[in-house]
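For the protein sequence lines, the chains are A and B, in the order given.
Under numbering that gives the first Met the number 0, the residue at position 69 of the first sequence is numbered 68, and the numbers go up by one with no gaps.
Under numbering that gives the first Met the number 0, the residue at position 89 of the second sequence is numbered 88, and the numbers go up by one with no gaps.
Ideal placement from N, C-alpha and C gives every residue a C-beta, glycine not left out.
In this text, all values refer to a predicted model and were calculated from it rather than measured experimentally.
Input: a single structure, listed below in structure tokens.
Protein chains: 2
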Amino acid sequence: MARWEPNARERLVRASVDLFTEQGYEATTVTQIADRAGGLTKTTFFRHFPDKREVLFAGQETHVRLLTDGIAAAPAAATPLEAVGTALDALTDSFTDDRRDLGARLTVLIAANTELQERSVYKSTVLAAAMAQGLRKRDVPERTANLAAEIGMAAFNEAFTHWADPADRRALREHAREALDGMRAAVAELG
Amino acid sequence: MARWEPNARERLVRASVDLFTEQGYEATTVTQIADRAGGLTKTTFFRHFPDKREVLFAGQETHVRLLTDGIAAAPAAATPLEAVGTALDALTDSFTDDRRDLGARLTVLIAANTELQERSVYKSTVLAAAMAQGLRKRDVPERTANLAAEIGMAAFNEAFTHWADPADRRALREHAREALDGMRAAVAELG
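Written out as structure tokens, the structure reads:
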């Protein structure tokens with residue numbers, strides 16, 4: 000990235016969330032976002048994101064990598080759900096407390112717009128697919144790998160909802176561990 | 000619907016799949032679809048669908064109803080996954096063999112387009128949510144209901160892929176039952 004635009008990506012994310020919140024997602028243009036991000040240009044915007052929607056899902060690639068590395072880093076003897084737990088620890092640790100407010104506002108924006116909901120659900124399937132692929136590399140059978148990965152994403156999404164409450168004080172990792180334990184109980188109930 | 004446009008909805012679906020296959024999803028207009036459907040108008044199109052994308056997901060409302068009714072119709076003593084099985088029977092029976100070819104072409108179209116994949120994944124979450132809601136009405140705890148519903152949709156999607164192979168000769172119901180049994184084994188493995 001060009002040296003004279005420090006932290007442009009993060010500034011574009013925050014400007015987008017600000018503008019979408021103030022004036023609505025549909026009504027906001029890329030030019031307005033670039034301008035609000037401290038006088039950046041449309042060209043700079045498009046160097047970072049293909050369109051305004053993708054700004055809200057900027058973390059997807061990083062999250063895929065954290066989950067993939069997390070699954071690979073689990074001990075050889077870990078069960079599929081234990082490996083998923085290791086991956087969720089790695090993912091959730093990247094959501095530091097100074098991002099809680101951003102998460103809360105993102106949740107509100109997505110809930111208000113079907114297009115964003117579709118994209119959000121799609122992101123979950125991409126992250127689940129990354130975990131499932133990592134589990135298959137550990138010789139977990141396909142259906143079991145897919146199910147464990149879906150369970151992991153369900154736990155993450157449940158945890159995120161709790162964490163993105165401005166009144167909440169716990170780390171996302173703690174919420175995710177609790178939710179994953181809850182999912183284990185659900186698995187036992189169905190078994 | 001107006002009496003002079005018999006079966007317009009189904010004709011629009013088939014015309015859409017034909018045109019999307021021949022000339023691509025992006026390149027096809029609503030006017031072309033209406034015309035190909037036997038001289039219908041854009042106005043008629045918009046009486047049935049909000050846009051060209053939704054034509055490919057025309058069944059969603061019906062499928063929600065079939066699953067909801069299926070869950071409700073399961074015996075009182077049915078386990079959550081047994082109730083899901085009843086719902087899948089009801090849903091899959093609506094995919095008669097004369098629709099297999101349409102299903103195959105739809106699968107190819109969706110696989111080729113990210114926007115359609117997002118919509119397709121979203122449809123799965125809507126159907127899963129309908130089953131989960133039905134299960135909660137049967138006093139199944141929330142996480143267990145959500146997990147059973149996700150498992151049901153995973154089984155359905157796996158079954159659909161097999162059924163939508165033009166060389167396949169089995170009913171979708173059979174594929175779905177087999178896939179659901181496979182998912183039960185995966186649950187046992189994780190438990």
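Query, Result
"Span of the alpha helix (DSSP H) holding Y24 (chain A)?", "From DSSP, Y24 (chain A) is part of no alpha helix (DSSP H); its letter is neither H nor E."
"Quick one: Cα of P140 (chain A) to Cα of R10 (chain A), how far?", "42 Å"
"Which whole-angstrom value describes the C-beta separation of L66 (chain B) and L105 (chain B), a residue pair presumed to lie in contact below a C-beta threshold of 8 Å?", "Actually they do not touch by this definition, with Cβ atoms about 19 Å apart."
"Mind listing which residues of the region 114-125 of chain B have their C-beta closer than 8 Å to chain A's C-betas, in chain order?", "Q116, E117, R118, V120, Y121 and T124"
"Starting from the beta carbon of V186 (chain B), find every residue of chain A whose beta carbon is closer than 8 Å, and list them in chain order.", "L146, V186, L189 and G190"
"Output, in sequence order along the chain, the residues in the region 77-94 of chain B whose CB is closer than 9 Å to any CB in chain A.", "T78, P79 and L80"
"Quick one: any contact between the region 128-142 of chain B and the region 69-87 of chain B, if contact means 3 or more CB pairs under 8 Å?", "yes"
"Determine the chain B residues that contact A153 (chain A) at a beta-carbon separation under 9 Å, and present them in chain order.", "R142, N145, L146 and E149"
"When DSSP labels each residue in this structure, what does F44 (chain A) get in the three-state scheme?", "helix"
"Examine chain B for any beta-carbon lying closer than 7 Å to the beta-carbon of G58 (chain A), and answer yes or no.", "no"
"To the nearest angstrom, report how far apart K41 (chain A) and T30 (chain A) are at their CA atoms.", "5 Å"
"Would you mind sorting S93 (chain A) into buried or exposed? The rule is 16 or more other CB atoms within 10 Å of its CB.", "exposed"
"What residue from B:L18, B:T124 and B:H161 has the CA that sits closest to L146 (chain B)'s CA?", "B:T124"
"Indicate whether E188 (chain B) and Y121 (chain A) have their beta-carbon atoms separated by less than 7 Å.", "no"
"Looking at chain A, which residues of the region 32-51 of chain B have a Cβ within less than 9 Å of any of its Cβ atoms?", "none"
"Return the residues of the region 156-188 of chain B that lie within a Cβ-Cβ distance of less than 9 Å from chain A, sorted by chain order.", "E157, A178, G181, M182, R183, A184, A185, V186, A187 and E188"
"Using the C-alpha atoms, what's the distance from A184 (chain A) back to L90 (chain A)?", "22 Å"
"T74 (chain A) lies in the alpha helix (DSSP H); which residues open and close that run?", "Note that residue 74 (chain A) is Pro in the sequence shown, not Thr. From DSSP, P74 (chain A) is part of no alpha helix (DSSP H); its letter is neither H nor E."
"Let me confirm a value: G190 (chain A) is counted as buried when at least 16 other C-beta atoms fall within 10 Å, else exposed. Which label applies?", "exposed"
"Taking the alpha carbon of R98 (chain B) as the point to measure from, which residue in B:V16, B:V186, B:P5 and B:M182 has its own alpha carbon closest?", "B:V16"
"Under DSSP, the alpha helix (DSSP H) around V29 (chain A) begins and ends at which residues?", "V29 to R35"
"Give me the Cα-Cα distance between Q7 (chain B) and K51 (chain B), rounded to the nearest whole angstrom.", "Contrary to the premise, residue 7 (chain B) reads as Ala rather than Gln in this sequence. Cα to Cα, the separation comes out at about 14 Å."
"Given V107 (chain A), which residues of its chain have a CB within under 8 Å of its CB, disregarding the five upstream and five downstream residues?", "T20"
"Here's a check: name, in chain order, each residue in its chain whose Cβ is nearer than 7 Å to the Cβ of L134 (chain A), leaving out the five neighbours to either side.", "I70, P79, A82, A144, A147 and A148"
"Classify T95 (chain B) as helix, strand or coil using the three-state DSSP reduction.", "coil"
"Using a threshold of 7 Å, state whether the C-beta atoms of G181 (chain A) and L87 (chain A) are closer than that.", "no"
"Do you know how far the Cα of A14 (chain B) is from the Cα of A127 (chain B)?", "29 Å"
"With a cut-off of 8 Å on the beta carbons, I'd call A153 (chain A) and A175 (chain A) a contact; round off their distance for me.", "Incorrect: roughly 11 Å between the Cβ atoms, too far for contact."
"How many whole angstroms separate the CB atoms of T27 (chain A) and L39 (chain A), which I take to be in contact at a CB cut-off of 8 Å?", "At roughly 15 Å, the Cβ-Cβ gap does not stay under 8 Å, so T27 (chain A) and L39 (chain A) are not in contact."
"Just mark A76 (chain A) as buried or exposed, buried being the case when its beta carbon has 16 or more other beta carbons within 10 Å.", "exposed"
"Between the alpha carbons of A166 (chain B) and L115 (chain B), how many angstroms are there, rounded?", "25 Å"
"Using the three-state DSSP reduction, which class does F56 (chain B) fall into: helix, strand or coil?", "coil"
"For chain E, check one thing: does any of its Cβ atoms lie closer than 7 Å to the Cβ of S93 (chain A)?", "Protein chains in the displayed structure are A and B, and chain E is not among them."
"Along the chain, where does the alpha helix (DSSP H) containing D180 (chain B) start, and where does it finish?", "L171 to L189"
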